[in-house]
Amino acid sequence: MHKQKQIQIAKHLLELKDARTTDLAGNIFRQKKSDYVSQDVAQREKDILFRNYPLLICLSCEIVNPGDYFCDDFSGVPIIVIRTSEGEVSAFRNICRHRGARLACDKGSHLRKFSCPYHAWSYATDTGDLISIPFNQGFDEIDKQEYGLVKLPVIEQYGMVFVQPTPGDEIELDDYLDGFAEDLAGFNLTAYHHFETRVLEAPLNWKLVVDTFMETYHLSTLHGNTVSAYLHNNLCHFDALGPHLRMTGARKTIDQLRDSAEEDWDLLAHTALVYVLFPNTVFIMQGDHLETWRVYPGVNPNESRMYVSLYTPELSTTESTRRHWNNNMDLLMATVLDEDFPLASNIQKDFAVCDNLLLFGRNEPALQHFHKTLADRLA
Ligand code: FES
Ligand SMILES: [Fe+2]
0 MHKQKQIQIA
10 KHLLELKDAR
20 TTDLAGNIFR
30 QKKSDYVSQD
40 VAQREKDILF
50 RNYPLLICLS
60 CEIVNPGDYF
70 CDDFSGVPII
80 VIRTSEGEVS
90 AFRNICRHRG
100 ARLACDKGSH
110 LRKFSCPYHA
120 WSYATDTGDL
130 ISIPFNQGFD
140 EIDKQEYGLV
150 KLPVIEQYGM
160 VFVQPTPGDE
170 IELDDYLDGF
180 AEDLAGFNLT
190 AYHHFETRVL
200 EAPLNWKLVV
210 DTFMETYHLS
220 TLHGNTVSAY
230 LHNNLCHFDA
240 LGPHLRMTGA
250 RKTIDQLRDS
260 AEEDWDLLAH
270 TALVYVLFPN
280 TVFIMQGDHL
290 ETWRVYPGVN
300 PNESRMYVSL
310 YTPELSTTES
320 TRRHWNNNMD
330 LLMATVLDED
340 FPLASNIQKD
350 FAVCDNLLLF
360 GRNEPALQHF
370 HKTLADRLA
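Here numbering that gives the first Met the number 0 is used: the first residue of the sequence shown is 0, the next is one more, and so on.
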């Protein structure tokens with residue numbers, strides 16, 4: 000993020016704090032609770048949002064060397080991305096063309112070709128071409144060129160890897176990222192390292208998981224014993240970035256900025272920068288590290304699955320740095336798993352009997368923007 004933008008946001012946060020207010024939307028927004036429980040809405044979301052949009056799959060640091068690969072099983076299309084011998088990134092449907100077995104799972108390294116664990120058909124990692132069929136005679140009628148892996152559009156930029164789960168044209172990433180691209184360019188994620196990923200399931204609609212992160216209005220009540228110690232309640236700066244958004248929450252240290260010259264201000268040190276990368280990724284720059292929540296629908300509308308990852312600017316080589324990042328991960332899990340999710344799972348259960356219209360207040364502009372964008376893209 001450019002220095003001028005950092006200064007502008009920091010100044011605005013200090014003004015909001017002095018005025019005891021927060022960024023406000025023009026009006027209250029009424030959100031249908033049925034969008035969180037409807038099978039029809041859930042299916043449209045899967046068909047549109049989780050098929051036709053670029054999805055963040057991993058950071059470049061997770062597939063550094065040729066043969067490193069990474070699988071994503073939650074979008075509805077099993078995806079495998081791999082670093083080829085040329086150093087490029089390829090992406091395919093993780094489905095063998097013989098009888099549909101997955102070629103690999105989780106992540107790994109040193110893969111020189113995809114070799115199916117079922118009957119050992121093998122495929123090239125760069126093109127997906129079918130290389131060999133054991134006992135070829137059994138399949139001598141087929142044209143091997145037609146039985147390569149299904150290639151998916153993929154792009155690696157800003158230290159991130161995006162895949163579109165449906166085959167098609169190349170991803171125009173900067174068009175898609177809109178105003179988020181400028182911020183990303185300044186984060187230098189190409190230098191980051193993967194610390195840990197946890198895979199979670201929750202009895203919540205996937206949007207309810209994303210909603211959790213989009214306002215600071217609940218910090219002092221729900222998180223009185225955890226993150227409320229670090230972040231101000233109901234104080235944030237909001238910007239819509241095309242379909243994405245940036246919500247900047249103020250740390251309790253933000254007043255320290257008043258003691259130094261503007262050109263020395265470091266916004267990241269005194270805020271939590273929460274982005275929603277449309278449709279399903281919450282991307283949080285937490286001062287000294289990055290957290291991502293890649294959230295997917297489950298089988299039913301009241302279920303979700305997600306990958307929660309923590310990335311650090313430096314490699315953790317000592318016991319004390321590992322302890323430091325473990326503590327960060329533990330705080331994150333304690334806040335979300337012990338506080339946000341139990342409360343939200345009751346909300347999900349009680350949707351059956353609550354009013355159809357939920358309220359997103361003027362002080363919850365990020366929620367409003369996310370749900371208006373969803374409605375627009377699903378219409
Ligand atoms: S399913 Fe892959 S080789 Fe048979
Ligand atoms: Fe929360």
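In this text, a Cβ means the ideal position worked out from N, Cα and C, and glycines have one as well.
query	result
Go ahead and label E363 buried or exposed: buried means 16 or more other beta carbons lie within 10 angstroms of its beta carbon, across all protein chains shown.	buried
So, at 7 Å on beta carbons, what are the nonlocal neighbours of F91 in its own chain, with the 5 sequence-adjacent residues on each side left out?	I79, G127, L148, V149, K150 and L151
Answer yes if the segment 247 to 263 comes into contact with the segment 229 to 239, meaning at least three C-beta pairs across the two stretches below 8 Å, and no otherwise.	yes
Can you list, in chain order, every residue whose CB sits closer than 6 Å to a heavy atom of ligand 2?	T211, H217, L221, H222 and D339
How about Y52: is its Cβ closer than 6 Å to a heavy atom in ligand 1?	no
Quick check: the Cα distance between G223 and L314, rounded to an integer number of angstroms?	32 Å
Ignoring anything shorter than 3 residues or poking outside the segment 39 to 78, list the beta strand (DSSP E) runs there in chain order.	54 to 58 and 68 to 71
Quick check on DSSP: helix, strand or coil for K32?	helix
Is it right to say A260 is buried, meaning 16 or more other beta carbons lie within 10 angstroms of its own, or is it exposed?	exposed
Using only the alpha-carbon positions, how far apart do V294 and W205 sit?	6 Å
Please state the DSSP three-state secondary structure of V335.	helix
E155 by DSSP, collapsed to three states: which one?	strand
Between which two residues does the alpha helix (DSSP H) holding I130 run?	Where I130 is concerned, there is no enclosing alpha helix (DSSP H), although the beta strand (DSSP E) it sits in stretches over L129 to S131.
If L199 sits next to Q347, beta carbons under 8 Å apart, how far is it from one beta carbon to the other, in whole angstroms?	Not a contact, Cβ separation roughly 15 Å.
Looking at C-alpha atoms only, which residue of L289, E290 and R304 is the closest neighbour of I296?	In the sequence as presented, Ile is not what sits at residue 296; that position holds Pro. Among L289, E290 and R304, the Cα nearest to that of P296 is on R304.
According to DSSP, is M305 part of a helix, a strand, or is it coil?	strand
Rank L309, S108, T334 and A374 by C-alpha distance to the C-alpha of H323 and give the top, closest one.	L309
Can we count Y122 as close to ligand 1, meaning its CB is less than 6 Å from some heavy atom?	no
State the Cα-Cα distance for the pair L377 and R43, rounded to the nearest angstrom.	7 Å
Pick out whichever of V352, T196, Q136 and L357 has its Cα sitting closest to the Cα of L331.	T196
When you compare the CB positions of P65 and S84, do they come within less than 7 Å of one another, or not?	yes
At a cut-off of 6 Å, is Y117 close to ligand 1 when judged by its beta-carbon and the heavy atoms of the ligand?	yes
So what does DSSP say about F282, is it helix, strand or coil?	strand
Under 6 Å from any heavy atom of ligand 3, does the C-beta of R101 make it?	This structure lacks ligand 3; the ligands present are ligand 1 and ligand 2.
Alpha carbon to alpha carbon, what distance is there between V153 and G241?	21 Å
Can you list, in chain order, the residues of its chain with a C-beta nearer than 6 Å to that of S114? Leave out the 5 residues immediately preceding and following it.	S121
Counting pairs of Cβ atoms below 8 Å between the segment 174 to 188 and the segment 269 to 286, do you hit three or more?	yes
Helix, strand or coil for G137? Go by DSSP, reduced to three states.	helix
Should the segment 133 to 149 be called in touch with the segment 23 to 37, which here means at least 3 C-beta pairs below 8 Å?	no
Could you tell me whether any non-hydrogen atom of ligand 1 is closer than 6 Å to the CB of N98?	Residue identity check: residue 98 is Arg in the sequence provided, not Asn. Checking every heavy atom of ligand 1 against the Cβ of R98, one is found closer than 6 Å.
Suppose you measure from the CA of E214 to the CA of R82; what does that come to, to the nearest Å?	37 Å
Does at least one heavy atom of ligand 1 sit under 6 Å from the Cβ of C95?	yes
If you draw a straight line from the alpha carbon of C70 to that of A100, how long is it in whole angstroms?	14 Å
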